[in-house]
Amino acid sequence: MAIYYLYQAMQKIYLFIISVLFVVMQTGAQNSRGDSLYNLGQLDQAIEAYSDEFEVEQSKAKPDIKYLMDIMASAGSACEDAGRLKEALHWYSMYKDYATEYDPQETGDAYNLIGNVWFRQGDFSKAIEYYYRALYYSQNSNDSLAMSSASNNIGNVYFSLYQYENADEYYQKAINLMLALKDYDELPSCMINAGNVKMLLEDFDAAEDYFRKALQISLSQGNQFRAVSSLVSLGILFERTDESDSAYTYFEEGLRLMDTEQLSVEYIMTLRGLGSLELAKGNFELAFTHLEKAFTLAESAGLTNISADVLQLLAEASDKSGRFKAAAMYYKILYEINDSLFDTELSEKLSQYESSYEAMLKEKTIEMQQLEIESGAKTNRFLMWLIIIISVSLGAITIAVYRIFKNKNKYQKTLLESKIQEVRLQALRAQINPHFVSNALNSIQNFFINGDIEQATDYLADFGQLIRMVLDNSHSSYIKLSDEVEFLKLYIKLEQLRLSNHFEYVVEFDSVLQDEDPLVPPLIVQPFVENAIWHGLSHKDSGGMLLVKYSEAGKDVLVCVEDNGIGMEKSQELYKQYPRKRKSYAMSINKERVKLFKEYFNRDLSVKIHDLCKGESCGTRVEIIIPGIKRSE
Numbered sequence: 289m290a291i292y293y294l295y296q297a298m299q300k301i302y303l304f305i306i307s308v309l310f311v312v313m314q315t316g317a318q319n320s321r322g323d324s325l326y327n328l329g330q331l332d333q334a335i336e337a338y339s340d341e342f343e344v345e346q347s348k349a350k351p352d353i354k355y356l357m358d359i360m361a362s363a364g365s366a367c368e369d370a371g372r373l374k375e376a377l378h379w380y381s382m383y384k385d386y387a388t389e390y391d392p393q394e395t396g397d398a399y400n401l402i403g404n405v406w407f408r409q410g411d412f413s414k415a416i417e418y419y420y421r422a423l424y425y426s427q428n429s430n431d432s433l434a435m436s437s438a439s440n441n442i443g444n445v446y447f448s449l450y451q452y453e454n455a456d457e458y459y460q461k462a463i464n465l466m467l468a469l470k471d472y473d474e475l476p477s478c479m480i481n482a483g484n485v486k487m488l489l490e491d492f493d494a495a496e497d498y499f500r501k502a503l504q505i506s507l508s509q510g511n512q513f514r515a516v517s518s519l520v521s522l523g524i525l526f527e528r529t530d531e532s533d534s535a536y537t538y539f540e541e542g543l544r545l546m547d548t549e550q551l552s553v554e555y556i557m558t559l560r561g562l563g564s565l566e567l568a569k570g571n572f573e574l575a576f577t578h579l580e581k582a583f584t585l586a587e588s589a590g591l592t593n594i595s596a597d598v599l600q601l602l603a604e605a606s607d608k609s610g611r612f613k614a615a616a617m618y619y620k621i622l623y624e625i626n627d628s629l630f631d632t633e634l635s636e637k638l639s640q641y642e643s644s645y646e647a648m649l650k651e652k653t654i655e656m657q658q659l660e661i662e663s664g665a666k667t668n669r670f671l672m673w674l675i676i677i678i679s680v681s682l683g684a685i686t687i688a689v690y691r692i693f694k695n696k697n698k699y700q701k702t703l704l705e706s707k708i709q710e711v712r713l714q715a716l717r718a719q720i721n722p723h724f725v726s727n728a729l730n731s732i733q734n735f736f737i738n739g740d741i742e743q744a745t746d747y748l749a750d751f752g753q754l755i756r757m758v759l760d761n762s763h764s765s766y767i768k769l770s771d772e773v774e775f776l777k778l779y780i781k782l783e784q785l786r787l788s789n790h791f792e793y794v795v796e797f798d799s800v801l802q803d804e805d806p807l808v809p810p811l812i813v814q815p816f817v818e819n820a821i822w823h824g825l826s827h828k829d830s831g832g833m834l835l836v837k838y839s840e841a842g843k844d845v846l847v848c849v850e851d852n853g854i855g856m857e858k859s860q861e862l863y864k865q866y867p868r869k870r871k872s873y874a875m876s877i878n879k880e881r882v883k884l885f886k887e888y889f890n891r892d893l894s895v896k897i898h899d900l901c902k903g904e905s906c907g908t909r910v911e912i913i914i915p916g917i918k919r920s921e
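Quick note: the sequence shown uses the working numbering, first residue 289, plus one each step.
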């Protein structure tokens, strides 16, 4: 996390992990032994106490169903905070089944809680499925506490999609509801969420204010566990703002209050934070001690996002301390983990859950209409005229409400379709050829084997920076053109290494564009460069040359990718004779990205491909016109 590029990208993940303090609707068993232990942060003991209380109550001839449901929710929450996510899912699923049968008003809370577990494990598609169900049941409930819970978790959904302004809006709604209800039990959780949004929006003063208020309320309520969460969040904040002394203070205070004998997200993040601070000071042995333990615990808890974050720090520590083989290994694992985090099915899931949500609303409408018909059939004749009058009035009101509801649904659908396009763009941007990663690491390894440590170190540093830039850019709709050019230079340099310097290359960047440095969609050009190298230059015996030129074209950016390879016709002949076992998806993915770019941003992006073959001389030129956005706009 100390390296800037990955710091920006991965911080959006790990900060949210520490703030996954989702609102739990606690009622009933507030003074139980399990609750007391939970509030003291003794999670393993609390889980055991909840299990005992559940068995005792369930064994009774007439068990208190409400009490059992409270135990299930609380036990699941304790398991979740302890990182025992499979057990949490078990308790929450039982809670959902009981709620569906005995108390439908709590069904929304149960779906929320199940969604939280999937979110902690990095399975956003499953989390979104349960959040949409929770949203439906919450909107059909008049319970203000349930509404505050729903608002908080809607904020979490927006947060997971990097829509921080929307997340901030819903967190504030939840906070206002909790303040009005004087619900101080879960208010610190929501304030920590809001503080993390403010931190990512770089409103550090507001973030600190939220964290300090969360700490104050937690201490006044005797909630030691949430106090620890607040302290760790303050540690992360001061780490982010390069106030290392303050960061140390809060991490160590959190460590003093927490139970380190049990697994918790807060403990893992504290180890991660201390490791990062030691790394920045050059204390590598201490850094490795903290980070290796944090990685082991995160892996055992199934916290994929935190594992990736800690891996990055381990790779950096290995690189800086001269442990180059370990650094290469960590980068390879990091890439594999990161690739798994970008679920390309997410956009389809969003559409699917929107349809399910609308279907549930339709079922509810039909059910209400049937009830009205049955009720009308039983009505006394004496009331018939009165009913007719009321029906006419209600009919007019229903038409008006229907139109409002229809317009609202249309707006929500448009908004969601826009969101789907955004997510699909993010998923597609996350694709980079895994064989490129493997080949680059193998080439670096060969330098080590041949004893060329200096060359290996240089290329390993380039590879690490490339991966960090991919992670960073995969979350952005636009990036600076200078960053795009820097990424492409690194990519070509590593491909040149893979082919044993089989070709030369030149990247030209127009001085006017350098001054303006417009914003462009990321990673548009890379697949065309990959195509030129793989299908053109790699087949030449010698004298390969690749030219990439960025120039101004009115308000747009013109990119020319030209090679003196074997040309398109010869490349296709070779492909027919020697078909690849593995299909390359780079160009098909990019075609889809270009299409989505036009649809989502309503701006044209054109691509023209020219075969340069004339006699024995061959090659290919690709001209890409990218709409650039000036940074002042």
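For every residue, glycine included, the Cβ atom is placed at its ideal position computed from N, Cα and C. Here the structure is a predicted model, which is why all the values come from computation and not from measurement.
- Within the same chain, and ignoring the five residues on either side of Asn-852 in sequence, the residues whose Cβ sits closer than 6 angstroms to its Cβ are Met-833 and Gly-907.
- When the Cα atoms are used, Gln-743 and Phe-735 turn out to be separated by approximately 7 angstroms.
- Annotation: Gly-824 to Ile-854 spans about 5 angstroms, alpha carbon to alpha carbon.
- Excluding five sequence positions before and after Leu-489, the CB atoms of its chain that fall closer than 6 angstroms to its own CB belong to Tyr-452, given in chain order.
- Between Leu-801 and Leu-769, the CB-CB gap stays under 8 angstroms.
- In summary, Val-758 is buried, with 16 or more beta-carbon neighbours lying within 10 Å of its beta-carbon over all protein chains present.
- For Lys-896, the pairing in a beta bridge is given by DSSP as Glu-911.
- Judged by their CB atoms, Ala-434 and Pro-476 are not nearer to each other than the 8 angstroms cut-off.
- Look at Lys-837 here: in three-state DSSP terms it is strand.
- Restricted to the stretch 493-553, not a single beta strand (DSSP E) segment is unbroken, complete and at least 3 residues in length.
- For Leu-846, the uninterrupted beta strand (DSSP E) run begins and ends at 844-851, by DSSP.
- Nearest C-alpha to Gly-563 among Glu-549, Glu-580, Gln-550 and Thr-548: Glu-580.
- Judged by DSSP secondary structure, Val-795 falls within the beta strand (DSSP E) whose first and last residues are 791-797.
- Here Val-808 carries a strand assignment [DSSP, helix/strand/coil].
- Taking a cut-off of 8 angstroms for Cβ pairs, the stretch 552-571 and the stretch 335-344 do not touch, as fewer than three such pairs fall below it.
- Looking at the backbone, the Cα of Phe-797 and that of Ser-839 are separated by about 7 angstroms.
- In the DSSP assignment, the residues bridged to Gly-832 are Phe-791.
- Asp-533 and Trp-406 have their alpha carbons spaced roughly 35 angstroms apart.
- In the displayed model, Ile-741 falls within a helix according to three-state DSSP.
- Cβ neighbours of Lys-620 within its own chain (closer than 6 angstroms, five residues either side excluded): Leu-729.
- For the set Lys-828, Glu-527, Val-808 and Cys-848, the Cα lying nearest the Cα of Phe-816 is the one of Cys-848.
- Residue burial is scored here from C-beta neighbours: Asn-789 has fewer than 16 other C-beta atoms within 10 angstroms and is therefore classed as exposed.
- Setting aside the 5 residues that flank it on each side, Val-895 is surrounded in the same chain by Ile-912, each with a C-beta closer than 6 angstroms to its C-beta; the list follows chain order.
- At a Cβ-Cβ threshold of 8 angstroms, Glu-368 and Asn-327 do not count as neighbours.
- For Asp-397, the enclosing alpha helix (DSSP H) begins and ends at 395-408.
- Proximity to Phe-751 across Tyr-618, Leu-807 and Glu-527 peaks at Tyr-618, based on C-alpha coordinates.
- Of Ile-359, Ser-521, Tyr-446 and Gly-610, the smallest CA-CA separation from Asp-497 is found for Ser-521.
- In the DSSP annotation of this structure, the continuous segment of the alpha helix (DSSP H) that includes Ala-438 starts and ends at 432-448.
- Selection Thr-584, Asp-829 and Ile-821 evaluated against Leu-835 yields Ile-821 as nearest (Cα-Cα).
- Comparing alpha carbon positions, the residue from Ser-347, Arg-514, Lys-569 and Asp-397 closest to Asp-473 is Arg-514.
- Residue environment analysis places His-578 among the buried positions, since at least 16 neighbouring C-beta atoms fall within 10 angstroms of its C-beta.
- Spanning the alpha carbons of Phe-572 and Ser-609 requires a straight line of approximately 7 angstroms.
- Per the coordinates, the alpha-carbon of Gln-784 lies some 15 angstroms from the alpha-carbon of Glu-774.
- Separation of Leu-787 and Gln-600 (C-alpha to C-alpha, rounded to the nearest whole angstrom) is 27 angstroms.
- Going by DSSP, Tyr-766 is part of no alpha helix (DSSP H) at all; its letter is neither H nor E.
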